[in-house]
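Contents: one structure, followed by commentary.
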Amino acid sequence: MHTHPNARLTPIGRARLIRQHLDEGKRLAQLATDHGISERTARKWLARFRSGGSAALADRRSVRRSQRRTLDPQQLQQAVELSHQRCTLRRIARLLLVPITTLARAMRRLGLNRLRNLDPLALALLLSSSHQCSGTSGSSRAT
106 MHTHPNARLT PIGRARLIRQ HLDEGKRLAQ LATDHGISER TARKWLARFR SGGSAALADR
166 RSVRRSQRRT LDPQQLQQAV ELSHQRCTLR RIARLLLVPI TTLARAMRRL GLNRLRNLDP
226 LALALLLSSS HQCSGTSGSS RAT
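Per this note's numbering, the very first residue in the sequence shown carries number 106; after that it's consecutive.
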């Protein structure tokens, strides 16, 4: 089991705190203060203990369980096409409605995270003042 380095209490320490509250009748607020945690955290651990025992006090992942960490094939294909049109990762992420970190990870895996990796026309398109990324939603800047 991995406990992050800033954790005030390990799962064993959490169980000890809960036992002191339940078995010895010590106030949860006082125990929380003594251990350097908030009362809210102590109550959260108590609720977890009551619902699942000591095993429920183990560290949990901080990332949402529903968060997708990959792109589906259609989104990936669209991202590749947009990157070849010189769209920025931020713009591609906004157009595809995906997190920029997920998009950046996928593009790095394909070797498309650098402009120079796309194709030889990169310099010509960058120097072209009339070039714009297609797929914009009508929000172009007026000059």
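Backbone N, C-alpha and C fix where the C-beta goes; we use that ideal spot for every residue, glycine too.
As the crow flies, the alpha-carbon of residue 179 is around 10 Å from that of residue 201. Secondary structure of residue 112 (DSSP, three-state): coil. Here residue 116 is near residue 162, since their CB atoms are less than 8 Å apart.
By the neighbour-count criterion, in which a residue is buried when 16 or more other Cβ atoms sit within 10 angstroms of its Cβ, residue 136 is buried.
Around the beta-carbon of residue 160, fewer than 16 other beta-carbon atoms lie within 10 Å, marking it exposed.
Rounded to the nearest whole angstrom, the C-alpha separation of residue 151 and residue 128 is 13 Å. When rounded, the separation of the alpha-carbon atoms in residue 176 and residue 149 is 34 Å.
The DSSP assignment places no complete beta strand (DSSP E) segment of no fewer than 3 residues inside the region 143-225.
Contact between residue 133 and residue 140 fails: their C-beta atoms lie close to 11 Å from each other, not under 8 Å. In the same chain as residue 182, and ignoring 5 residues on each side of it, no C-beta atom comes closer than 6 Å to its own.
Burial check for residue 215: the Cβ neighbour count within 10 Å stays below 16, so the residue is exposed. In its chain, beyond the 5 residues on either side, 218 have a beta carbon closer than 6 Å to the beta carbon of residue 212. Burial check for residue 196: the Cβ neighbour count within 10 Å reaches 16 or more, so the residue is buried.
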